[in-house]
Amino acid sequence: MPPARSWRTYPQGYMLEAARCKKCGKTFFPPRLVCNKCQGREFERFNMQRTGKVVTHTVIRTPSDEFSGEAPFAVGVIEMDDGPRLTSQIVDVSFDEVKIGMPVKLEFRRLSSEGDAGIINYGHKAVPART
Amino acid sequence: MRDVAVIGVGMQKWGELWAKSTRDIFVESALLAMDDAGVDTLGAMYVGSMAPGLFADQEHLGSVMADYLGQKLIPSTRVESACASGGLAFRLACMDVASGMHDVVLAGGVEKMTDIGGGDATHALASAADMKWEAVHGVTFPGLYAMMAVAHMAKYGTTREQLAHVAVKNHYNGSMNSRAQFPMKITVEGVINSVKVADPLNILDCSPITDGAAAAIVVPADMVKDFKKAGVKVIGTGHATDTIALHDREDLTTLAAVSASAEQAYKMSGKGPRDLDFVEVHDCFTIAEIIVSESLGLFERGKGGPAAEAGDTGLEGRTPINPSGGLKSKGHPVGATGVAQIVEITEQLRGEAGKRQIKNARVALAQNMGGSGGSSVVHILEVM
Amino acid sequence: MAVGIIGYGAHIPRRRIKVEEIAKVWGADAPSFKKGLELLQKSVPALDEDTITLSVEAARNALARAGIDPKDIGAVYIGSESHPYAVKPSGTTVAEAIGATPDCHCADFEFACKAGSEGMFVAYGLVKAGLIKYGLGVGADTSQGAPGDALEYSAAAGAAAFIMGADDNLMIATIDETYAFMTDTPDFWRREHQFYPSHGGRFTGEPAYFRTVTGAVTGLLDKTGLKPGDFKYAVFHQPNGKFPKRAAKLLGFSFEQIEVGRLVPLLGNTYSGSSPLGLTAVLDVADPGDRILMCSYGSGAGSDVFVFTVGDRVRKAREMAPKTRWLLDENVKYVEYGEYAKLRRKIRLAEK
């Protein structure tokens, strides 16, 4: 990925910046310019809490080349406690432990790197939430 | 708006066509369609192709294909809507003819997928998902549909076996289709024990990587009598889009774009799910056929799996699905798939489908999907 | 004006490999390693964990304990010998991820295993000088040991982060005194473009670690007039289980004083994170008024020594983020050598 492509979304990738429609209250991750529920165009931005739960999940066993060294890995749709849903790997977990409804928290991880010489892309991955 | 009809179709055998390039594949199928219709010049053409740049290092397919089809200076447009590119090319051809702009229009689709490795192909296909917020996490297309399967199984009790029945049925149908890439019959046990791809989907739940093309000739319905073969009337068309990312959909167990595109086509044609003698749907994965069958209204929500298991979707069933063998057995050259559905329907409605012919078929529906349901195109056709 | 730690946090990868698992690959005698080095296992980072990711997680835990606005952090220093980039700071990513940019000074430090305490040292100095309101110092590493080398049994991964400040109401532990000791002693090094570090074998012991640590602590005690008995806890750099015990003995500290912060038998040597992580484990249990000594060590060679006095807020603050001994045990997964070799990129893959 060219550096600019990840750099321009660091607020979302690093800080989980989301937006709440001022008209109808719907939350979006990443932030958008137009609300897809009410067409509102004014938003309040906020950084999401890093907690949520699994809505659905799978285990990727045949990945694209970019992820070939990491397979198999679990991926899920996560519903954040702040509302928006996002896709994330679920790591540091045994696959049979991943269930719909499982509470998770997001940890800062490497998402990918452009070979051995390119930039490293950072973001978040889900891990089981324990206390 | 004029009524329109399909007057010719063409499609070569699909598979790993090592000796043939994108343009070879396309031109061969296009010529078959033109010969079927008995025309050698076109007013316009639409070329469905998802990612020729990523798969075959060639963009600008509108010009490439018009040039190599010997059609000088005509308007030729490449159409892209991921795996629904072919269906959308057909829709645009119909709209072109219906508008009165042109009389003889070719709708084609093509994808040459095997020049690059499987991992690169997986990446190219993933570009139909949200690259920035889905694929960046390593999720693949099988992965996205697997997540729909997990949600569907949790909500409705859909079983691993029911998924397998879809694949078994489509391979059975495909075994009677000489153009299918994988015409072998398979078993439920074989599907369940095949290599895991994205849990719960195995390799035999997935459509393959395929080289192939398909083409159809669209003309005004009132000109059909001027051609040598029977025409098939296009009585309904629909097209809808949905969120690009699966995670942005409130209900992961249905496909809203499929329902919306079907509603448009049902309304336009005056037909409903009960009027369909068979359907060709986008079974890129076994779970896709089940969810699509529900979203089209063929079965109630959650009943798609049991229907597949009970044989309701077989050639002799209540609503046959994918008599061609579907994407699963016939192959899935992504840009060509939607047009190949029109090829199958045209041949069935003309009574040319051989051993897999559905008796007395008069009305059929084609449903072609892009991405994880980010787009869907539906057509309803009827014998004239 | 008292300056000290107003927030601290740790982070440790969840994978572990046992000494036996490494020893059996190289035909080494595991019991003698376990006894000789007092090591049972070490942490192993996943493919998606590096100095930056560990630093972010530790820094977020420190922020949770500090309860401050990250925009008020005026300096971010990451100490590591395994920065993911040779050129491009780790600190910029960490600062961005915790929300400290752009009004912030930032630098990466490298001094073998001492880089983490350097970040603490400089952040503390800037706060004390009144140049910044708060400063973040992080020690983090995903250090490598060459396959079969003695270091492979200990080179581990982890991070500890400390936010320095002068707010009395936020104080977790004041820093009462510091001392630094360094000489040019080449006991361990890694040349540019080399994947694994090299070391001087037994030369790393007497003339390097022990001379430096004892010199540094003796210097501090002379400077302050304090005696070993004046400290409730002491944390020494812990390249293995044995070195900090011997250093303590040479300096007149007891086993009880060092045991709480001696994580190495279960964690391995986290290099720049080593003594800082030990300090976090001590702060997790210390009582207000307790005095703590921390002495880092970096090959090359030098030590930074700190004297802390624990404040009242420690009891409340420690509950606001995961405790270090809990992290050491949480959701631990043991890996075999093959997976370890893959995770540590010791397997040569096809060129892409």
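Residue numbers (our numbering), protein chains in the order written: chain C, 584 to 714; chain H, 694 to 1077; chain E, 29 to 380.
For every residue, glycine included, the Cβ atom is placed at its ideal position computed from N, Cα and C.
Kindly indicate the opening and closing residues of the beta strand (DSSP E) around E/Thr352.
Per DSSP, E/Thr352 belongs to no beta strand (DSSP E); it is in the alpha helix (DSSP H), Thr352 to Asp357.
Mind pulling the alpha helix (DSSP H) runs of 4 or more residues that sit fully within the region 678-713 of chain C?
none
Given E/Leu198 as reference, the closest of E/Gly107, E/Lys361, E/Phe259 and E/Arg341 once Cα atoms are compared
In terms of CA proximity to E/Leu198, E/Arg341 leads the group E/Gly107, E/Lys361, E/Phe259 and E/Arg341.
Write down every uninterrupted run of the beta strand (DSSP E) in the region 91-133 of chain E whose length is 3 residues or greater and which is fully enclosed by it, in chain order.
Those beta strand (DSSP E) runs which fall completely within the region 91-133 of chain E and span 3+ residues are 101-107.
At the level of alpha carbons, what is the spacing between E/Asp57 and E/Ala51?
6 Å
So, E/Gly147 versus E/Val122, is the Cβ gap smaller than 8 Å?
No, they are not a contact pair.
Over what stretch of residues does the beta strand (DSSP E) that includes C/Asn630 continue unbroken?
Counted as a single uninterrupted DSSP element, the beta strand (DSSP E) harbouring C/Asn630 occupies residues Phe626 to Asn630.
Go ahead and pull the three-state DSSP assignment for E/Asp215.
It is coil, neither helix nor strand.
H/Met840: contacting residues in chain C (beta-carbon distance under 9 Å):
Val638, Thr639, His640, Thr641, Val658, Gly659, Val660 and Thr670
Label H/Met794 either buried or exposed according to how many other C-beta atoms from any shown protein chain fall within 10 Å of its C-beta, with 16 as the threshold for buried.
exposed
Please name the residue, chosen from H/Gly1063, H/Glu1075 and H/Gly1047, that lies closest to H/Ala1054 on a Cα-to-Cα basis.
H/Glu1075
Members of the region 680-708 of chain C near chain E, C-beta cut-off 7 Å:
Glu690, Phe691, Arg692, Arg693, Gly698, Ile703, Tyr705 and Lys708
Quick one: what does DSSP say E/Glu205 is sitting in, helix, strand or coil?
Here E/Glu205 sits in strand by DSSP.
Contact residues within the region 877-896 of chain H, judged by C-beta distance below 9 Å to chain C
Val888, Lys889, Val890, Ala891, Asp892, Pro893, Leu894 and Ile896
With distance defined between alpha-carbon atoms, name the residue in E/Asp177, E/Gly158 and E/Ala94 nearest to E/Gly228.
E/Asp177
Distance, E/Gly289 Cα to E/Gly158 Cα:
31 Å
Does chain C have any CB closer than 8 Å to the CB of E/Thr121?
yes
Which residues of the region 74-85 of chain E have a Cβ closer than 8 Å to any Cβ of chain C? Give them in chain order.
Look at the region 74-85 of chain E: the residues with a C-beta under 8 Å from a C-beta of chain C are Ala74, Leu75, Asp76, Glu77, Asp78, Ile80, Thr81, Val84 and Glu85.
From H/Phe875, H/Glu882 and H/Asp760, residue whose alpha carbon lies closest to that of H/Gly855:
Per the sequence shown, residue 855 of chain H should be read as Gln rather than Gly. Cα-wise, what sits closest to H/Gln855 is H/Glu882.
Given that H/Ala819 touches chain C, what residues does it touch there, using C-beta distances under 8 Å?
Ser647
Beta-carbon proximity of H/Thr815 to C/Ser647, cut-off 8 Å
One thing to note: H/Thr815 has its Cβ within 8 Å of the Cβ of C/Ser647.
Name, please, each residue of chain E whose Cβ falls closer than 7 Å to the Cβ of C/Glu653.
Leu75
Alpha carbon to alpha carbon, what distance is there between E/Glu220 and E/Ala92?
Between the alpha carbons of E/Ala92 and E/Glu220 lies a gap of roughly 37 Å.
Can you tell me the Cα-Cα spacing of H/Ser1112 and H/Ala821, whole angstroms?
Any answer about residue 1112 of chain H is impossible in this case: the structure gives chain H only from 694 up to 1077.
Can you pull the DSSP bridge partners for E/Cys141?
E/Phe139
Can you find a C-beta in chain C that's less than 8 Å from the C-beta of H/Glu804?
So no, H/Glu804 is outside the interface.
Hey, quick one: how far does the alpha helix (DSSP H) through C/Ile643 stretch, first residue to last?
Annotation for C/Ile643: no alpha helix (DSSP H) segment contains it, though the beta strand (DSSP E) segment containing it runs Thr634 to Ile643.
Under 8 Å by Cβ, that's how I've got E/Gly144 and E/Gly301 pegged, so tell me the actual separation to the nearest angstrom.
6 Å
By the 8 Å beta-carbon criterion, what residues does the region 934-956 of chain H contribute toward chain C?
Thr936, Ala938, Leu939, His940, Asp941 and Leu945
What is the rounded straight-line gap between the Cα of H/Ala933 and the Cα of H/Ala958?
11 Å
Below 7 Å between beta carbons is the criterion; list the residues of the region 702-716 of chain H that meet it against any residue of chain C, in chain order.
none
Between H/Glu721, H/Gly703 and H/Ile700, which has its C-alpha nearest H/Leu710's C-alpha?
Nearest C-alpha to H/Leu710: H/Glu721.
Check whether the Cβ of C/Phe650 lies closer than 8 Å to any Cβ atom in chain H.
Output row for C/Phe650: interface = yes.
Listing by chain order, which chain C residues have their CB less than 9 Å from the CB of E/Gly127?
Near E/Gly127 (Cβ distances below 9 Å), the residues of chain C are Tyr597, Met598 and Asn630.
What residues in its chain sit with their C-beta under 8 Å from that of H/Ile879, if we drop five residues either side in the sequence?
Ala860, Val861, His864 and Leu897
Among the residues of its own chain, which have a CB less than 7 Å from the CB of E/Lys255, if the five just before and after it don't count?
Leu249
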